[in-house]
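Below is one structure, written out as structure tokens; the observations come after it.
Protein chains: 2
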Amino acid sequence: MSTIQIMKLGQGVEWALHACVHLAMAGPDRPVPVASLAELNDLPAPYLNKQLQALARAGVLTSTPGARGGFSLARPPERITVLDVVQAVDGTEGAFRCTEIRRQGPMGASARESRTPCQIAAVMGRAEAAWRAELAATTIAGIAGQVEAKVPQTPVRIRRWLAERVS
Amino acid sequence: MSTIQIMKLGQGVEWALHACVHLAMAGPDRPVPVASLAELNDLPAPYLNKQLQALARAGVLTSTPGARGGFSLARPPERITVLDVVQAVDGTEGAFRCTEIRRQGPMGASARESRTPCQIAAVMGRAEAAWRAELAATTIAGIAGQVEAKVPQTPVRIRRWLAERVS
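So, in structure tokens, the structure goes:
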């Protein structure tokens, strides 16, 4: 029997998205230490670091080592979508895994009949494509812009707080 | 720290959808024993029974006890959507759980600022709504119809096989 496929949307996604939005508001001038990003949302730094390392491996963030090191966005926030972040943290595998049970049993579909996708797998695939499309339609810049529109002093306050922490 | 939210789309969903499509093709004349539904896809009956009981509790299937008992669709397959089945098996909770980390930390959003939804939770919510909308747009009748269009003798073969098994 195939193993159960699990899609875990844990806090990794929530934390990673908040960190990316903070990095967008912080601006590109200098890397931000993970301790600062963690403190901004009162998160445990070693666990947040794990998520940010995944983002760096996926090319969403750049990791700069050393005393003045930290994380930065690897490209402008207009070019980082929410889907980029979610997939970097959680992988690209969909939640539904077709195990082709239609081929099993006395009425099992033949090899020829199975050349076209199972209609059940197809509808689950369409649903996941719709989910990904929504996430791909929103960028980190877009979110940062919406936050700023609501509370205009947020980017300035974030930059000031970050500057005070590393000086 | 909040617990990790897990959305498990295991084989429960795959099995349940196939069973419902088989029930649609079997027609409403008599309940189908879980052993027959399990054998149709070479699935373990006790585990499939668990999923079908969940479908019965959700009002998607009717469970008839006794020697001539089994499961039937609780309403016409045109009125059972893929979303109905998925939510009956896997629950209605979304995959993403907002734990309001924006309220935490030195820059934490105030109670007033938090009256409008977090933009990150909002985009995850839109993505999940798109996913549900796709699943709600496909019915069990629709899938059964597509299968029959591809391999027209399927419903007849299924009904004949089921009839032979209980006689």
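Residue numbers (this note's numbering), protein chains in the order written: chain A, 8 to 174; chain B, 8 to 174.
Idealized CB from N, CA, C, for every residue including glycine.
{"Item": "ALA137 (chain A) and ALA65 (chain B) - do their beta-carbons sit closer together than 8 Å?", "Value": "no"}
{"Item": "With distance defined between alpha-carbon atoms, name the residue in A:LEU24, A:VAL93, A:ARG104, A:LYS157 nearest to ALA128 (chain A).", "Value": "A:ARG104"}
{"Item": "Counting C-beta neighbours from all protein chains within 10 Å, is the total for ALA74 (chain A) 16 or more, i.e. buried, or is it exposed?", "Value": "exposed"}
{"Item": "Could you please give the first and the last residue of the uninterrupted alpha helix (DSSP H) stretch that includes LEU142 (chain A)?", "Value": "126-143"}
{"Item": "Can ALA151 (chain B) and ALA23 (chain B) be called in contact, C-beta distance under 8 Å?", "Value": "no"}
{"Item": "Drop a sphere of 10 angstroms on the beta-carbon of VAL154 (chain A), count the other beta-carbons inside from all chains shown, and report buried for 16 or more, exposed for fewer.", "Value": "buried"}
{"Item": "Return the residue from the list B:PRO72, B:ALA170, B:SER117 that minimises the CA-CA distance to LYS157 (chain A).", "Value": "B:SER117"}
{"Item": "Let's see if you can read the secondary structure: which residues bound the alpha helix (DSSP H) around GLY152 (chain A)?", "Value": "147-157"}
{"Item": "Kindly indicate if chain A contains any beta-carbon less than 8 Å away from that of LEU55 (chain B).", "Value": "no"}
{"Item": "Quick one: measure Cβ to Cβ for LEU55 (chain A) and LEU44 (chain A), integer angstroms, because I've assumed they're closer than 8 Å.", "Value": "6 Å"}
{"Item": "So the alpha helix (DSSP H) SER43 (chain A) belongs to, where does it begin and stop?", "Value": "41-47"}
{"Item": "So, helix, strand or coil for THR88 (chain B), using DSSP?", "Value": "strand"}
{"Item": "Taking 8 Å as the threshold (C-beta atoms), are ILE147 (chain A) and VAL28 (chain A) in contact?", "Value": "yes"}
{"Item": "Mind checking if ILE87 (chain A) is an interface residue toward chain B, Cβ cutoff 8 Å exclusive?", "Value": "no"}
{"Item": "Looking at the secondary structure, which residues open and close the alpha helix (DSSP H) in which THR106 (chain B) lies?", "Value": "No alpha helix (DSSP H) contains THR106 (chain B), which DSSP labels as neither H nor E."}
{"Item": "What does PRO113 (chain A) touch in chain B if you count any residue whose Cβ is under 8 Å from its own?", "Value": "GLU46, LEU47, TRP168"}
{"Item": "Of all the options B:ALA26, B:GLY149, B:LEU169, B:ILE165, which has the alpha carbon lying nearest to the alpha carbon of THR88 (chain B)?", "Value": "B:GLY149"}
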